[in-house]
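Worksheet for the structure shown next.
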Amino acid sequence: MDMEKPLPRAAATPMIDPHGRAVTYLRVSVTDRCDFRCVYCMSEHMNFLPKKDLLTLEELDRVCSAFVRKGVRKLRLTGGEPLVRRDVMTLIRSLGRHLETGALDELTLTTNGSQLARYADDLFAAGVRRVNVSVDTLDETLFQQITRWGRLPQVLDGIAAAKRAGLKVKINTVALKGVNEAEIPSLIEWAHGEGHDLTLIETMPMGDIDGDRTDQYLPLSQVRRSLAERWTLDELDERTGGPARYVKVQETGGKLGLITPLTHNFCESCNRVRLTCTGTLYMCLGQDDAADLRPPVRASESDDLLDAAIDEAIGRKPKGHDFIIDREHNRPAVSRHMSLTGG
Ligand code: SAM
Ligand code: SF4
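Residue numbers (my numbering): 242 to 584.
Following this line, the structure appears as structure tokens:
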């Protein structure tokens, strides 16, 4: 055996929840702030968390690293908009060390793309290889209406920069009834033509927004039926432990994902938990039960308390979610905003 080469680190034993599922995926919202105000995600005048409540970048690193030590193989940074957190590259570069040791398979992020032109090369250098970028329309005026504060050309420049930097881009599109519904086939053609996969997301009832959610809700089963009249959709086996199902569109050659948390039960294969920027760990996107990891992080410099708090939290990961759009009261099923847990 060549003794010069470092041996690959033995994979940590994964955390197993009470329902027998291994928790191998952590999504981290690094900020609740954002430079957009998408209509389905935020109200125009949001109250953001006081800065003192946020975990510092060092604390976020400690918590993420504890999860990696406990067998998490994939980290996704999200938000709010992860790239508007000050000095976020310090965190990303630091987490990149787990890719080098082989403890982590993937470090990735979900972004609105507004800052990608600035960060694409740095992200690649830190070990990031894929990014999800949210684009709901290619119509500049509609883009501004949906995002309120966003500018489409800036996002398209960001996507182009990501591609040049060598990052694989996946487009996320929230399907909105009567808003971008008619544009969905052309969005798919555009994305696939550019070499990007595209995933459609059904709106989820999270947090108070200014409008009526039942107006926005477009079942993807309906979208899929209409796409199937136009194209041949070949079911792919791929499962990611989340609510996405994938098909290949024969005519475009690209991959299409469908995230249907409201119409399908995906919980039996759930492999993920979510951490907010204040250190709250949500064991399920669709439930309010959570564990506060900030006190154990701040109580001591050793990670013993933190490790114990994580184990306790995973020990009560629920079996499934309770999403419903409450038509009678028009209240969200989960009171926190998506920008807190990052979707
Ligand atoms: N700011 C980044 C972005 O927009 O990609 C990351 C955070 S955002 C909360 C993550 C994803 O959640 C985006 O693709 C966004 O479109 C989606 N999203 C936000 N609110 C949603 C909702 N109520 N229902 C479904 N998807 C939502
Ligand atoms: Fe910001 Fe993303 Fe929410 Fe839009 S979806 S407001 S970009 S966090």
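Every residue gets a Cβ at the ideal spot worked out from N, C-alpha and C, and that includes glycine. Bear in mind that the values here come from a model prediction, so they are computed numbers and not experimental data.
Burial state of residue i (16 or more Cβ within 10 Å)
i: Asn232; result: Outside the modelled stretch of the chain, which goes from 242 to 584, sits residue 232, for which no answer is possible.
i: Pro502; result: buried
i: Gln463; result: exposed
i: Lys558; result: buried
i: Gly556; result: exposed
i: His286; result: exposed
i: Ser543; result: exposed
i: Thr254; result: exposed
i: Ala403; result: buried
i: Arg317; result: buried
i: Gly359; result: For the record, residue 359 in the displayed sequence is Arg; it is not Gly. Exposed, since its Cβ has fewer than 16 Cβ neighbours within 10 Å.
i: Pro446; result: buried
i: Ser375; result: buried
i: Thr414; result: buried
Residue i - DSSP class collapsed to helix/strand/coil
i: Thr521; result: strand
i: Arg274; result: coil
i: Thr382; result: helix
i: Leu393; result: helix
i: Val372; result: strand
i: Glu422; result: helix
i: Tyr360; result: helix
i: Lys560; result: coil
i: Arg513; result: strand
i: Lys404; result: helix
i: Asp475; result: strand
i: Val325; result: helix
i: Val490; result: strand
i: His505; result: With a pLDDT of 48 at His505, under the threshold of 50, the predicted position of this residue should be treated as unreliable, though the coordinate-derived value follows. In the structure shown, His505 sits in coil (DSSP, three-state: anything other than H, G, I, E or B).
i: Ala554; result: helix
Test item: CB-CB of residue i and residue j under 8 angstroms
i: Glu347; j: Lys315; result: yes
i: Tyr281; j: Ile450; result: yes
i: Thr352; j: Pro394; result: no
i: Val410; j: Ile387; result: no
i: Val369; j: Leu408; result: yes
i: Arg405; j: Val325; result: no
i: Leu474; j: Val490; result: yes
i: Gly527; j: Leu296; result: no
i: Arg389; j: Val538; result: no
i: Ala554; j: Ala532; result: yes
i: Leu441; j: Ala416; result: yes
i: Ala367; j: Leu547; result: no
i: Leu499; j: Arg465; result: yes
i: Gly399; j: Gln457; result: no
i: Asp552; j: Lys496; result: no
i: Leu345; j: Val309; result: yes
i: Leu298; j: Asp328; result: yes
i: Leu301; j: Val269; result: yes
Residues that DSSP places opposite residue i in a beta bridge
i: Ile500; result: Ile442 and Ala485
i: Ala416; result: Glu443
i: Ala532; result: Leu522
i: Val264; result: Met256
i: Arg317; result: Arg268 and Thr349
i: Lys409; result: Arg371
i: Tyr281; result: DSSP output for Tyr281 lists no bridge partner at all.
Selected residue, minimal CA-CA separation from residue i, among the options
i: Gly261; options: Ile551, Leu516, Asp552 and Asn512; result: Asn512
i: Val271; options: Gly320, Arg359, Glu422 and Leu290; result: Gly320
i: Val313; options: Met283, Ser335, Ile257 and Asp363; result: Ile257
i: Asp529; options: Leu350, Val514, Phe384 and Glu424; result: Val514
i: Gly494; options: Asp548, Ala432 and Arg359; result: Ala432
i: Thr192; options: Ile429, Glu422, Ser427 and Pro426; result: As shown, the chain starts at 242 and ends at 584. That puts residue 192 outside it, with no answer to give.
i: Cys305; options: Ser335, Arg278 and Leu290; result: Ser335
i: Leu364; options: Val376, Thr349, Ser284 and Asp377; result: Thr349
i: Cys381; options: Cys518, Arg392 and Ala540; result: A small correction: the amino acid at residue 381 is Glu; Cys does not occupy that position in the sequence shown. The residue with the shortest Cα to Cα distance from Glu381 is Arg392.
i: Arg535; options: Cys525, Cys518 and Met524; result: Cys518
i: Gly452; options: Cys508, Arg278, Ser427 and Val396; result: Arg278
i: Leu379; options: Ile429, Cys508 and Ala361; result: Ile429
i: Val468; options: Ser284, Ser427, Thr265 and Ala361; result: Inspection of the sequence shows that residue 468 is occupied by Leu rather than by Val. Of Ser284, Ser427, Thr265 and Ala361, the residue nearest in Cα terms is Ser427.
i: Thr601; options: Met524, Leu461 and Glu470; result: Residue 601 lies beyond the range of the chain shown here (242 to 584); nothing can be said about it.
i: Ala401; options: Thr414, Asp362 and Gln385; result: Asp362
i: Ile425; options: Arg480, Ser284 and Asp377; result: Asp377
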